[in-house]
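Working notes, structure below.
Protein chains: 2
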Amino acid sequence: MRANRLIPFWLRNYRRQWLLSDLTAALVSGMLLVPQGLAYALLAGLPPHVGLYASLIPLIAYAAFGSSSAMSVGPAAVLSLMTVSALSPLAAIGSPEYIGAAVVLTLLSGLFLFAMGLFKLGALSNLLSHPVINGFVSGAAALIIVGQLPALLGVEADGETASVKLLHVLEHLPQAHLPTMVFGVATAAILIFSRIWLPMLLFRLGAPKQLARLGARLMPMLLVLCAIGLVHWLALSDELDIVGDIPAGLPEIVIPDWNGHLVFQLLLPALIIALLTFVESLSIAQALAARRGERLNADGELLGLGAANITSGLSGGLPVAGSFSRTAVNAEAGAVSPLAGVLAALLMIPVLLYLTGLFSDLPLTVLAAIIIVAAASLFDFRGFIHNWRYDRTDGIAMLCTFIGVLLFGVEVGIALGIGLSFATLIWRSSRPHIAVVGRVPGTEHFRNVLRHDVETQEEILFLRIDESLFFSNISAVEDRLLSELKRHPATRELVLILSSVSRIDGTALERLHQINKDLRNRNIRLHLSEVKGPVLDRLSRSKLLEKLTGRIFLSSYIAELALRHGDEGEPIPEEPA
Amino acid sequence: MRANRLIPFWLRNYRRQWLLSDLTAALVSGMLLVPQGLAYALLAGLPPHVGLYASLIPLIAYAAFGSSSAMSVGPAAVLSLMTVSALSPLAAIGSPEYIGAAVVLTLLSGLFLFAMGLFKLGALSNLLSHPVINGFVSGAAALIIVGQLPALLGVEADGETASVKLLHVLEHLPQAHLPTMVFGVATAAILIFSRIWLPMLLFRLGAPKQLARLGARLMPMLLVLCAIGLVHWLALSDELDIVGDIPAGLPEIVIPDWNGHLVFQLLLPALIIALLTFVESLSIAQALAARRGERLNADGELLGLGAANITSGLSGGLPVAGSFSRTAVNAEAGAVSPLAGVLAALLMIPVLLYLTGLFSDLPLTVLAAIIIVAAASLFDFRGFIHNWRYDRTDGIAMLCTFIGVLLFGVEVGIALGIGLSFATLIWRSSRPHIAVVGRVPGTEHFRNVLRHDVETQEEILFLRIDESLFFSNISAVEDRLLSELKRHPATRELVLILSSVSRIDGTALERLHQINKDLRNRNIRLHLSEVKGPVLDRLSRSKLLEKLTGRIFLSSYIAELALRHGDEGEPIPEEPA
Chain A
1 MRANRLIPFW
11 LRNYRRQWLL
21 SDLTAALVSG
31 MLLVPQGLAY
41 ALLAGLPPHV
51 GLYASLIPLI
61 AYAAFGSSSA
71 MSVGPAAVLS
81 LMTVSALSPL
91 AAIGSPEYIG
101 AAVVLTLLSG
111 LFLFAMGLFK
121 LGALSNLLSH
131 PVINGFVSGA
141 AALIIVGQLP
151 ALLGVEADGE
161 TASVKLLHVL
171 EHLPQAHLPT
181 MVFGVATAAI
191 LIFSRIWLPM
201 LLFRLGAPKQ
211 LARLGARLMP
221 MLLVLCAIGL
231 VHWLALSDEL
241 DIVGDIPAGL
251 PEIVIPDWNG
261 HLVFQLLLPA
271 LIIALLTFVE
281 SLSIAQALAA
291 RRGERLNADG
301 ELLGLGAANI
311 TSGLSGGLPV
321 AGSFSRTAVN
331 AEAGAVSPLA
341 GVLAALLMIP
351 VLLYLTGLFS
361 DLPLTVLAAI
371 IIVAAASLFD
381 FRGFIHNWRY
391 DRTDGIAMLC
401 TFIGVLLFGV
411 EVGIALGIGL
421 SFATLIWRSS
431 RPHIAVVGRV
441 PGTEHFRNVL
451 RHDVETQEEI
461 LFLRIDESLF
471 FSNISAVEDR
481 LLSELKRHPA
491 TRELVLILSS
501 VSRIDGTALE
511 RLHQINKDLR
521 NRNIRLHLSE
531 VKGPVLDRLS
541 RSKLLEKLTG
551 RIFLSSYIAE
561 LALRHGDEGE
571 PIPEEPA
Chain B
1 MRANRLIPFW
11 LRNYRRQWLL
21 SDLTAALVSG
31 MLLVPQGLAY
41 ALLAGLPPHV
51 GLYASLIPLI
61 AYAAFGSSSA
71 MSVGPAAVLS
81 LMTVSALSPL
91 AAIGSPEYIG
101 AAVVLTLLSG
111 LFLFAMGLFK
121 LGALSNLLSH
131 PVINGFVSGA
141 AALIIVGQLP
151 ALLGVEADGE
161 TASVKLLHVL
171 EHLPQAHLPT
181 MVFGVATAAI
191 LIFSRIWLPM
201 LLFRLGAPKQ
211 LARLGARLMP
221 MLLVLCAIGL
231 VHWLALSDEL
241 DIVGDIPAGL
251 PEIVIPDWNG
261 HLVFQLLLPA
271 LIIALLTFVE
281 SLSIAQALAA
291 RRGERLNADG
301 ELLGLGAANI
311 TSGLSGGLPV
321 AGSFSRTAVN
331 AEAGAVSPLA
341 GVLAALLMIP
351 VLLYLTGLFS
361 DLPLTVLAAI
371 IIVAAASLFD
381 FRGFIHNWRY
391 DRTDGIAMLC
401 TFIGVLLFGV
411 EVGIALGIGL
421 SFATLIWRSS
431 RPHIAVVGRV
441 PGTEHFRNVL
451 RHDVETQEEI
461 LFLRIDESLF
471 FSNISAVEDR
481 LLSELKRHPA
491 TRELVLILSS
501 VSRIDGTALE
511 RLHQINKDLR
521 NRNIRLHLSE
531 VKGPVLDRLS
541 RSKLLEKLTG
551 RIFLSSYIAE
561 LALRHGDEGE
571 PIPEEPA
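Just so you know, the protein sequences line up as chains A and B, in that order. With full-length UniProt numbering, letter number 384 in the first sequence gets 384, and the count goes up by one each step, no holes. With full-length UniProt numbering, letter number 202 in the second sequence gets 202, and the count goes up by one each step, no holes.
This is the structure we're talking about:
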């Protein structure tokens, strides 16, 4: 029984007939893991074989805890960018110190993820709103693309910021290295073609729809093999920058250099990487689970991603997460369970043992093209337009995060985005919507006088407050209340409809006391209606209910009935305390 | 006409019969201004005469814009503490650099206040919740008291933090300077007595109630004069630390030393001082206006306080604000208009011209006693107990601010408080209250099933969401929704009651789409009821309304009627778009 609980949930219920599907999916997604692993390791400033190592044990570790049926965990472009951005101020890219720091960074972010899973802190991911994530990913994609242009075109270009680098690239374009450029641009063009038109072409040529899509997705591996063939055949290995020797053999466990100062410096970047890993992976897994009608265990995902990053740290140091593109391929190829991921990882073993020599002739420009095309697909123009239309403040938060990433880098960009999200939240709640309402004739319902044909009473003013009352908005509420009383000078009874008020904090309570007192001096009674249970509980601990000049009504309709007829003596149902 | 607009509002409508009242009030509050000015200038680390200068032109400048009928503007204990805390890291207390920096600090905070008035940014004061202000003021009061103990008791005591200083004082108590201690403790004892028992005593002796209270309030000035007399008569001026020479004559305009680096260093402290000045002064003025049934113009107050601090900066550099104690005295003495403040300021002219010699023999321990007793009255125990009972989070914010001020000083303390206020706001809105509701039998009202005897339907689940939907809480809402569906497995129709939802942001909208899709797969229809106008406007810009499996109902009652009878064809009043 106890031993049984150590076996992952999905494995306990595994059915034999799933094996073929999972194996097919593993073969297909494994074909993507190789070029992406090499490319993203280079992007992170690490030796290419680290990308292959990160595609082996971490995938198995994820499957031990994770529950998503088809999410493909492994190296990811945005995380690689964050790695290089966090580490390059600390050590020269590619130096032993750099690689050591990458190990610590990945381990730390894995530990953060695992701890978040243990303590069930999945809710931390709510710190990031979708617009901020979209803005961040789009900004990171732009940085990645500009960063890869020199490698793609064979030009020299330096520059602190993306725009300076882009200018340098354009300036030096006439000195571009022609063979590099031809290889790179051709690869990029074929990849773009195969993303956009190839599925349709294959479909028209008679391939089943699913196969057509899959075929197009496998283009990166095909191009990698073609490029290696061409370099070998045309003897271009001296002419082009190539991957170079990749050590054959399985990864060995790296003993991390736990240096207190380094750990301290990497805490914040590791936390940000952990948060992004979780948010990105979870949104992929959730979308998938929804499509398949499965339920996802967020804390299990956290443990899985944590284990994956801890093992990735110990086997080389490239952060891993759920990858959008590989997950799509994995799902389309028919993955039924995390076993597909495990099998894809096992495929990495023969690659590492026997095929590393093959990849040494791979031109870097081909990897740059793969990175660029993958990054370009991360742009979310439609999401931006949608956000801008639906909610201007969301659009602005997205734009600011995007620009922040471009101008100040990934860390500042994401901090800006989170700050903006919360500033928006606070700003909105400090400008509450307040409506003068009247009764819809013939019903018991009260609606905004500006939007509906409603009946109002001259002496009774109904105000609906559409926000909880807090220190940050009580002044605005008071101002509005006084200006409405000025507009309705005959008012003798003011009814505040608190149907939307879920909390009243101490500051707001004090001010309500004051308002009640002021209105008494003006011979206006203050009533409350539709007070929610929790609010009433709280209010009954204060003196407001005692001092209130008016009454508390179950509904606005009852309030109107009572106040219009002045039936002070009639028993009216009030909210039980 | 135009010239008329330059004359302050209160002066245009001034009635001659008010003059006597205002003059009386001016005489009385002027009697308080002298000792408080001297004391708070010393507290701020400035020469005592600066406190008198700050009680002259700034009061007139305030009256040119301000509208409060009896608020007494002038030096204030908390601001003096903030001044010394901001400036002492930059220059030695009392040095010319220190005094120059005080000028710049006061000017800057005046400029901030004036600019906030011009741009109508009075709402900025909403950054500070009452509990945070209470905690801050109480903490500052404790710092002030501990800081004045050495001067009061005539002991030497250093120490970075308040607790260390207090320990030093206690340690060195046996070496206290006896005459200083006698003067100081006696003054403090008489002041405390005159605050608590003297009004009652005078009243019992036959004085009218108001006069009795006023008499007690004038005790500081009386004690100052007695102390000066005693020092003179007993020739104690060599024995005791005394105020020393005060230059006679009116203040001259100080040319501030605008040094870019200094200005930059003082920006943040000046902003905090400006915010606190405004919040403190406004709450005093508001309380007063409420009692007198007057309306206050917050932007005018900002301009007035700004002008007061700009002129105070130019005439010496002690920040000024509305003072709680002096305002109470001013109001009790019958002040009817800001003219009382102007007249009190004019009284400062003969003091500065002819009476400065008188105050040179004033023992510092007497001023320390005045400061300590004034600071002690700033403690707000009752407010703390009240906050703690009414709203635990408010109580915690107050306590943390208080402790923060004590341990880390005024700036860190207030930053902590503001941060905590907002963290609370965010934390609360990320844990929305959600209730399963049912219909109160015989009515159209829906109430929480846990609190009321209500009717529910097996196939229809009504959930009321008591918070706007945001990125920070949509996960919590989704989790609750799924767990309620698990608890009510027969549910075929889910009605979300959005009566409390004032906004749905982009992240929440996306998730609602997803929830709608997931529920469709489970054969559950999703309906919305009581959607507010602004929310519906926003939603109609998205595709949710198209894709919604269920409908939008004007009220939950209509929803129940329609869904229970399955009257799909019947015309049901829906919310107009």
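All C-beta atoms, glycine included, are put in the ideal place defined by N, C-alpha and C. Values in this document were obtained by computation on a predicted structure and should not be read as measured data.
{"Item": "Measure the Cβ-Cβ separation of A/L52 and A/L346 and say whether it is below 8 Å.", "Value": "no"}
{"Item": "State the DSSP-derived secondary structure class of A/L305, mapped to helix, strand or coil.", "Value": "helix"}
{"Item": "Kindly say whether B/I572, judged by its beta-carbon, lies nearer than 8 Å to any beta-carbon of chain A.", "Value": "Unreliable placement is indicated for B/I572, whose pLDDT of 41 sits below 50; the coordinate value is still reported in the next sentence. For B/I572, the answer is no, since every Cβ of chain A falls outside 8 Å of its Cβ."}
{"Item": "Could you work out which residues of chain B lie near A/A123, taking near to mean beta carbons separated by less than 8 Å?", "Value": "S430, S475 and A476"}
{"Item": "First and last residue of the beta strand (DSSP E) that includes B/N448?", "Value": "F446 to N448"}
{"Item": "Buried or exposed for B/P89, please, with buried defined as at least 16 other CB atoms from any protein chain shown within 10 angstroms of its CB.", "Value": "exposed"}
{"Item": "Might you give, ordered along the chain, the residues of its own chain that have their beta carbon closer than 8 Å to the beta carbon of B/H172, omitting 5 neighbours on each side?", "Value": "V155, E156 and A157"}
{"Item": "Anyone know if the C-beta pair for B/A335 and B/D22 falls short of 8 Å?", "Value": "yes"}
{"Item": "Please tell me whether A/A559 has its Cβ less than 8 Å away from any Cβ of chain B.", "Value": "no"}
{"Item": "Is it true that the CB of B/S69 sits closer than 8 Å to the CB of B/R292?", "Value": "yes"}
{"Item": "Please tell me whether B/I426 has its Cβ less than 8 Å away from any Cβ of chain A.", "Value": "yes"}
{"Item": "Of all the alpha helix (DSSP H) runs that stay within the bounds of the stretch 378-448 of chain B, which reach a length of 4 or more residues?", "Value": "381-390, 392-408 and 410-429"}
{"Item": "Would you list, in chain order, the members of the stretch 437-457 of chain A that have their beta-carbon closer than 7 Å to a beta-carbon of chain B?", "Value": "E444, H445, N448 and R451"}
{"Item": "Taking the straight line between their C-alpha atoms, what separation do you get for B/R12 and A/D505?", "Value": "40 Å"}
{"Item": "Leaving out five residues before and five after B/D128 in sequence, what residues of the same chain have Cβ atoms less than 6 Å from its Cβ?", "Value": "According to the sequence displayed, residue 128 of chain B carries Leu and not Asp. Counting only Cβ-Cβ distances below 6 Å, and skipping sequence neighbours, we find V279."}
{"Item": "What does B/K165 touch in chain A if you count any residue whose Cβ is under 9 Å from its own?", "Value": "Chain A residues near B/K165: none, gap ~32 Å exceeds 9 Å."}
{"Item": "Assess, as a yes-or-no matter, whether the stretch 269-284 of chain A is touched by the stretch 38-52 of chain A under the definition of 3 or more beta carbon pairs within less than 8 Å.", "Value": "no"}
{"Item": "Between which two residues does the alpha helix (DSSP H) harbouring B/S138 extend?", "Value": "H130 to L153"}
{"Item": "Please compile the residues from chain A whose C-beta is within a distance smaller than 7 Å of the C-beta of B/L469.", "Value": "Residues of chain A passing the Cβ test: none, with the nearest at roughly 12 Å."}
{"Item": "If you count every other CB in all the chains shown that lies within 10 Å of the CB of B/I255, and 16 or more means buried, which is it?", "Value": "exposed"}
{"Item": "Mapping DSSP to helix, strand and coil, what is B/E97?", "Value": "helix"}
{"Item": "Would A/K543 be called buried (16 or more neighbouring beta carbons within 10 Å of its own) or exposed?", "Value": "exposed"}
{"Item": "Report whether the distance from the Cβ of B/A285 to the nearest heavy atom of the ligand MG is below 7 Å.", "Value": "Looking at this structure, you won't find the ligand MG or any other ligand, since it has none at all."}
{"Item": "Does DSSP put B/P8 in a helix, in a strand, or in coil?", "Value": "coil"}
{"Item": "Taking Cβ positions only, does A/N259 come closer than 8 Å to chain B?", "Value": "no"}
{"Item": "In whole angstroms, what separates the C-alpha of A/T456 from that of B/Q265?", "Value": "57 Å"}
{"Item": "Which residue marks the beginning of the beta strand (DSSP E) containing A/P75, and which one marks its end?", "Value": "V73 to P75"}
{"Item": "Check each residue of the stretch 542-555 of chain B: if its Cβ is closer than 8 Å to any Cβ of chain A, include it; give the result in chain order.", "Value": "S542, L554 and S555"}
{"Item": "Assuming B/I434 contacts B/R480 under a Cβ cut-off of 8 Å, what Cβ separation, rounded to an integer in Å, is found between them?", "Value": "5 Å"}
{"Item": "List the endpoints of the continuous beta strand (DSSP E) containing B/F359.", "Value": "From DSSP, B/F359 is part of no beta strand (DSSP E) but of the alpha helix (DSSP H) over T356 to F359."}
{"Item": "Is there at least one Cβ from chain A nearer than 8 Å to B/F9's Cβ?", "Value": "no"}
{"Item": "Quick one: residues in its chain with C-beta nearer than 8 Å to the C-beta of A/N523, no 5 flanking neighbours on either side, listed in chain order?", "Value": "R492"}
{"Item": "Please report the Cβ distance between B/V436 and B/E478, rounded to the nearest whole angstrom; I am assuming they are in contact, meaning their Cβ atoms lie under 8 Å.", "Value": "With 8 Å as the limit, B/V436 and B/E478 do not qualify as a contact, their Cβ atoms being about 16 Å apart."}
{"Item": "Hey, out of A/L107, A/V84 and A/N516, whose CA is closest to A/A308's CA?", "Value": "A/L107"}
{"Item": "Alpha carbon to alpha carbon, how far is B/M71 from B/T24?", "Value": "15 Å"}
{"Item": "Where does B/G569 land, buried or exposed, given buried means 16+ other C-beta within 10 angstroms?", "Value": "Here B/G569 scores only 41 on pLDDT, less than 50, and its place in the model is too uncertain to base an answer on."}
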